[in-house]
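In the numbering used here, the protein residues as written are 2 to 342. For glycine and all other residues, C-beta sits at the position ideal for the given N, C-alpha and C. Structure first, commentary second.
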């Protein structure tokens, strides 16, 4: 990028991001680096070999300007997959990025398992745009055998575009965090299925069965969250099952996938840990789920976070079950279904 009268380039170099400067774009000089080594962070977490660095400055909602450094990080050492993480900080006069303070820690830009190799662009001084490869290195190179016994091409896709905004946030060490907004891909003034756009009361242990086709967007308004009650969306294809579990009162999501056939990758099929998406103590939540053959993208519209999940199925969605595990009162779910544009 052009910065302070010179060109600055950022290169992934093992566990650090090297910084180089040039006046003509041809001859480059090494001027320093930003460390992603465990010793650089107070929590001591290992983010592995970093890739795909991107550094940009942007304005927060309070009018202050800050720098952000994004990298592709490998977080398997502490229970995650490869993903895209960021640090908030500043850039010195030579172009070297420095995190905001000693307490600042990396944050994953997407809550899910499959948001890697991200690309970024600048829309304006307050807005970035991003998309990514929906996959990760834990299983991208695995052979997949379908239900017919034949090897199948591995499913992958790109994520929907999201806008990124920076907001002041006293709950994190840097004092600022990033919020995501999936770029709207539907016209919400024309629902495609009027029979589905009503409230459904789901008693504990009960379920509501509904087929949600591929390339559909569903808005969920979930009310009645109680301690111990988990709202479950179970998406079934002939060759894959994806289960989304939401603890509304606890403010967390957990997912599990199961590929039918001979594919047996422990990381793909494993149930994830609980991932926080909102504050605990909630009694309702609002989210939008983007269903497709190869992916599920969940936008938490209250906390402005997104969870991206790869599906290695090739078949159409066969059924979607809405159910409640535990809890002692019905959950009301308002579903509005739309076609992709």
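### Query
Between which two residues does the alpha helix (DSSP H) carrying residue 157 extend?
Neither: residue 157 is in no alpha helix (DSSP H) and is coded neither H nor E.
#### Entry: Boundaries (first-last residue) of the beta strand (DSSP E) holding residue 132
Looking at the DSSP string, the run of the beta strand (DSSP E) that includes residue 132 is 128 to 135.
### Task
Quick one: which unbroken beta strand (DSSP E) runs of 3-plus residues sit fully inside the segment 239 to 296? Chain order, please.
241 to 248, 253 to 260 and 285 to 292
### Query
With 16 as the cutoff for other CB atoms within 10 Å, does residue 250 come out buried or exposed?
buried
### residue 107, DSSP secondary structure in three states
If DSSP states are grouped into helix, strand and coil, residue 107 belongs with coil.
### Message
Please report the distance separating the alpha-carbon of residue 52 from that of residue 20.
### Response
14 Å
#### Entry: Closest residue to residue 122 among 54, 174 and 177 (Cα-Cα distance)
54
#### Entry: Start-to-end residues for the beta strand (DSSP E) that takes in residue 60
Counted as a single uninterrupted DSSP element, the beta strand (DSSP E) harbouring residue 60 occupies residues 52 to 60.
### Message
Please tell me whether residue 337 and residue 219 are closer than 8 Å, where the distance is taken between their beta carbons.
### Response
yes
### Task
Would you identify the three-state DSSP class for residue 41, choosing helix, strand or coil?
helix
### Message
Quick check on DSSP: helix, strand or coil for residue 77?
### Response
helix
### Message
Since residue 217 and residue 292 should fall inside the 8 Å C-beta cutoff, what is the C-beta to C-beta distance between them, to a whole number of angstroms?
### Response
5 Å
### Message
Within 10 Å of its beta-carbon, does residue 126 have 16 or more other beta-carbons around it, so buried, or fewer, so exposed?
### Response
exposed
### Segment limits, beta strand (DSSP E) that includes residue 304
That residue, residue 304, is in no beta strand (DSSP E); it is neither H nor E in DSSP.
### Task
Compare the Cα-Cα distances from residue 290 to each of 207, 238, 185 and 282 and report the closest residue.
185
### Query
For residue 99, which residues of its own chain have a beta-carbon under 8 Å away from its beta-carbon, when the five flanking residues on both sides are left out?
35, 90, 91, 92 and 93
### Query
Is residue 255 near residue 270, with beta carbons less than 8 Å apart?
no
### Query
If residue 321 sits next to residue 135, beta carbons under 8 Å apart, how far is it from one beta carbon to the other, in whole angstroms?
Not quite, the Cβ-Cβ distance comes to about 20 Å (not below 8 Å), so this is no contact.
### Through-space distance from residue 267 to residue 260, alpha-carbon basis
11 Å
#### Entry: 8 Å Cβ cutoff met for residue 116 and residue 133
yes
### Query
In angstroms, rounded to a whole number, what distance separates the CA positions of residue 245 and residue 273?
10 Å
### Query
Can the beta-carbon of residue 78 be found less than 8 Å from the beta-carbon of residue 47?
yes
### Message
Based on DSSP bridge pairs, tell me the residues matched to residue 48.
### Response
According to DSSP, which records beta bridges pairwise, residue 48 is partnered with nothing at all.
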